[in-house]
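Participant: At position 166 of the sequence shown (counting the first as 1) the number is 165 in numbering that gives the first Met the number 0, and the numbers step up by one without a gap.
Ideal Cβ positions, reconstructed from N, Cα and C, are used throughout, including at glycine.
This is the structure, below, for whatever I ask next.
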Amino acid sequence: MTRNIAPAGLTQVVIAGGGIGGLAAALACSRQGVAVQLMERASQFSEVGAGIQIGPNVTRILQAWGLEDGLNRVAAFPKRLQARDAQTGQVLGRLRLGERAQALYGAPYATIHRADLHALLLDAAQAAGVQTALGQTIAGWSESAEGVTVQSVSGQTWQADALVGADGVWSAVRQQLLADAPARFTGHLAFRALVPQADLPQGLRSDEVTVWMGPRLHVVHYPVQAGRALNVIAIVHGEKPANPHDWDHAGHADTLMQAIGHTGNDLRQRLEAIPAWRLWALHDRAPVSAASQMAQGRVALLGDAAHPMRPYLAQGAGMAIEDAQVLAQCLAQGSGTVAHRLQAYAEKRWARNARVQARAIRNGQIFHAQGLVAIGRNLSMRLMGERLMDVPWLYGGGSVTA
C-alpha cells in the first residue's frame, strides 16, 4: 500500500526512527511547515529509563520549540557540577551552572529523564501534525529525480522528497547509504540506575551533577524527574558482549562492585545503596570526517545514525537536537533542490559533530586516567577549576540558532 504524505507547501519528509533524535527532527520540520511522516519500528512509542544532561545549547532550542513549561515541570536544573577523585573523595573542581549558565548562554543547564524528554517531544510533534506509523521497520529506499520511495519490511511504501535516517547507532538507513563497517565497541560498559531520592539516606541524596574520576572508570550522578529521583551511571572497562545489539539488560551488581573495589568509601557507599542496575555496552564511531557522511542526494542522517558518540561530554541527545534544528531550517528556508538543502545541512553540522565526538573521547581518557596522568589531571583541575570545566564553544551553540 502506498501512502502519500499530504504536502504542506514545502518539502515532504519521511523520518526513520522515533527516538529523541527522530522526534526532534519531526517537530522541528513540522514547525517550519514541512509535512512529516515518521516511521518507528516499535509497536508503541517508549524510551528507556535513563537520565541525560542537556546543556544550554540544547535547552535554548527546546525553549524555542515551545517546550519551556514542560521542561520546568519534569526536568531538574542543578546549580553546580563538581568533579571528585573516586579514590580519595576529594573535590577537584566545581563549575557553577544555574544562574551563571543562564547569564552566559541565555538558557539553563538541565538534567532530565529520557522518557520525560521523549514524551515532551512526542506530544509536541503530534500536536504539530506529524503523522506516525508504528511497527514499521525500514527495509530500504530507492531514489529518483522525482523523490524517494521508502519501503518498510511489512511491504508498505511512502513517497517523499527526502528521507532522514534517525534510526540510531545500528542505522539501516546508514547501512544502505554508506555501506560502512558497524559501530565499534568502545571497551566500556555503562551500568545505569534510577533511584527515588526518598529511598536514599539523606547523606547520599543530591541536587548537583557529580562526576567521580578513577582509574579505568568513572561515575556520574544527578537529579531527574524534578529532583525526585537520582540518575546514576557507572562506566567501567569490560569485555565486548556476545550480542552487541542487546544493549539494555539487567546488570550484575557484583561485576560493578568488583570494578570499583579500589575506590574510596564515599563512592562505594553510594553505589552499594542502589538495588538494581541496567547494563549498556557502549559503541561509537570515529569522528565524522566529511559532509558526505551525513547526507547524499535526498537522504540524510541525524543523531546516532550519523555520529554516535561516547557519553563523556553528555551531548549525544544534544547533538541530535541541534541536528534537527539545522535540518529543519535548511529544508524550509534553504534554496535549490532538496539535495542541495540536505547538503547545506550536512556542511553546517559535520565539523561541530566531529569536534564533540573527539572531545568526548578525550574526556573519557581524562576521566579514566591512571598514575602520573591522573595526578596531572587532579592538579590541573584544582588550579584551573571552572576555566577548565566550562565549554563555551559548545554551550554557546556555535552557529546553531534557535
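With a threshold of 7 Å, establish whether the CB of Lys239 neighbours any heavy atom of the ligand NAP.
Facilitator: As for the ligand NAP, it is missing from this structure, which has no ligand bound.
Participant: To which residues does DSSP link Asp349 through a beta bridge?
Facilitator: Taking the first residue of the sequence shown as 1, we reach residue 349 at position 350. Residue identity check: residue 349 is Trp in the sequence provided, not Asp. The partner list for Trp349 (beta bridge, DSSP) is empty, contrary to what the question assumes.
Participant: Using the beta-carbon count (16 or more within 10 Å), is Pro181 buried or exposed?
Facilitator: Along the sequence shown, read from residue 1 onward, the residue named residue 181 stands at position 182. With fewer than 16 Cβ atoms within 10 Å of its Cβ, Pro181 is classed as exposed.
Participant: With DSSP run on the structure shown, which of helix, strand or coil describes Val73?
Facilitator: By 1-based counting over the sequence shown, the position of residue 73 is 74. In this structure, Val73 counts as helix in the three-state DSSP scheme.
Participant: Buried or exposed for Asn56, going by 16 or more other Cβ atoms inside 10 Å?
Facilitator: Sequence index remark: in the sequence shown, residue 56 carries index 57 (1-based). By the 10 Å Cβ count, Asn56 comes out buried.
Participant: Using the DSSP secondary-structure output, state which residues sit across from Asp283 in a beta bridge.
Facilitator: As a working mapping, residue 283 is identified with position 284 in the sequence shown. DSSP output for Asp283 lists Arg183 as bridge partner(s).
Participant: Quick one: Cα of Arg118 to Cα of Gln201, how far?
Facilitator: Taking the first residue of the sequence shown as 1, we reach residue 118 at position 119. Taking the first residue of the sequence shown as 1, we reach residue 201 at position 202. Note that residue 118 corresponds to Ala in the displayed sequence, not to Arg. Approximately 30 Å between the Cα atoms of the pair.
Participant: For Gln135, which of helix, strand or coil comes out of DSSP?
Facilitator: The residue you call residue 135 lines up with position 136 of the sequence shown. Coil at Gln135, not helix or strand.
Participant: For Ala258 and Ala252, what's the separation of their Cα atoms in angstroms?
Facilitator: If you number the sequence shown from 1, residue 258 lands on position 259. If you number the sequence shown from 1, residue 252 lands on position 253. Approximately 10 Å, taken between the alpha carbons.
Participant: In this structure, does DSSP put Glu238 in helix, strand or coil?
Facilitator: As a first step, residue 238 is located in the sequence shown; it is residue number 239 there, counting from the start. DSSP places Glu238 in coil when its eight states are reduced to three.
Participant: How far does the alpha helix (DSSP H) with Ala323 in it extend, from its first residue to its last?
Facilitator: Working through the sequence shown from its first residue, we reach residue 323 at position 324. From DSSP, the alpha helix (DSSP H) with Ala323 extends over Gly315 to Gln332.
Participant: Go ahead and pull the three-state DSSP assignment for Trp169.
Facilitator: Stepping through the sequence shown from its first residue, residue 169 is reached at position 170. Residue state, collapsed to three classes: coil.
Participant: Using a Cβ-Cβ cutoff of less than 7 Å, which residues in the same chain neighbour Arg173 once the five nearest sequence positions on both sides are dropped?
Facilitator: For this step, residue 173 is matched to residue 174 along the sequence shown. Same-chain partners within the cutoff: Gly164, Leu300 and Ala304.
Participant: Helix, strand or coil, according to DSSP, for Ile360 in the structure here?
Facilitator: In the sequence shown, residue 360 corresponds to position 361, counting from 1. Here Ile360 sits in helix by DSSP.
Participant: Just the C-alpha distance for Gly16 and Leu162, rounded to the nearest angstrom, thanks.
Facilitator: For the purposes of this step, residue 16 is taken as the residue at position 17 of the sequence shown. For the purposes of this step, residue 162 is taken as the residue at position 163 of the sequence shown. The straight-line gap from Cα to Cα measures roughly 11 Å.
Participant: Along the alpha helix (DSSP H) that carries Arg217, what are the first and last residues, could you check?
Facilitator: The residue labelled residue 217 in the question sits at position 218 within the sequence shown. Checking the displayed sequence, the identity of residue 217 turns out to be His instead of Arg. Careful: His217 lies outside any alpha helix (DSSP H), inside the beta strand (DSSP E) at Leu216 to Val223.
Participant: If you drop the 5 nearest sequence neighbours on each side, which residues of the same chain put their C-beta closer than 6 Å to that of Gly97?
Facilitator: Numbered from its first residue, the sequence shown carries residue 97 at position 98. Contacts found: Lys78.
Participant: Taking 8 Å as the cut-off, decide whether the C-beta atoms of Gln36 and Leu330 are in contact.
Facilitator: In the sequence shown, the residue the question calls residue 36 occupies position 37. In the sequence shown, the residue the question calls residue 330 occupies position 331. It is not a contact, given that the beta carbons lie outside the stated cut-off.
Participant: Which value, in whole angstroms, describes the spacing of the CA atoms of Ala345 and Ala197?
Facilitator: Reading the sequence shown from its first residue, position 346 is the one you call residue 345. Reading the sequence shown from its first residue, position 198 is the one you call residue 197. Their Cα atoms are separated by approximately 45 Å.
Participant: Please classify Leu371 as buried or exposed, where buried requires at least 16 neighbouring CB atoms within 10 angstroms.
Facilitator: Residue 371 sits at position 372 when you count from the first residue of the sequence shown. Answer is exposed; the Cβ neighbour count stays below 16.
Participant: Within the same chain, show all residues whose beta-carbon is closer than 6 Å to that of Ser170, passing over the 5 residues directly before and after it, in chain order.
Facilitator: In the sequence shown, the residue the question calls residue 170 occupies position 171. Gly164 and Ala304, listed in sequence order.
Participant: Taking Cβ to Cβ, would you say Ala75 is nearer than 8 Å to Ala189?
Facilitator: Against the sequence shown, residue 75 aligns to sequence position 76. Against the sequence shown, residue 189 aligns to sequence position 190. Not a contact, by the Cβ cut-off of 8 Å.
Participant: Can you tell which of Phe184, Gln86 and Asn230 has its C-alpha closest to the C-alpha of Ala241?
Facilitator: Mapped onto the sequence shown, residue 241 falls at position 242. Answer by Cα proximity: Phe184.
Participant: Verify whether the separation of the beta carbon atoms of Leu266 and Gly50 is less than 8 Å.
Facilitator: Within the sequence shown, numbered from 1, the residue matching residue 266 stands at position 267. Within the sequence shown, numbered from 1, the residue matching residue 50 stands at position 51. No, Cβ-Cβ distance for Leu266 and Gly50 is not below 8 Å.
Participant: My understanding is that Val231 touches Val218, with C-beta atoms under 8 Å, so please give their C-beta distance in whole angstroms.
Facilitator: Counted from its first residue, the sequence shown places residue 231 at position 232. Counted from its first residue, the sequence shown places residue 218 at position 219. The pair is a contact, with the Cβ atoms about 7 Å apart (cut-off 8 Å).
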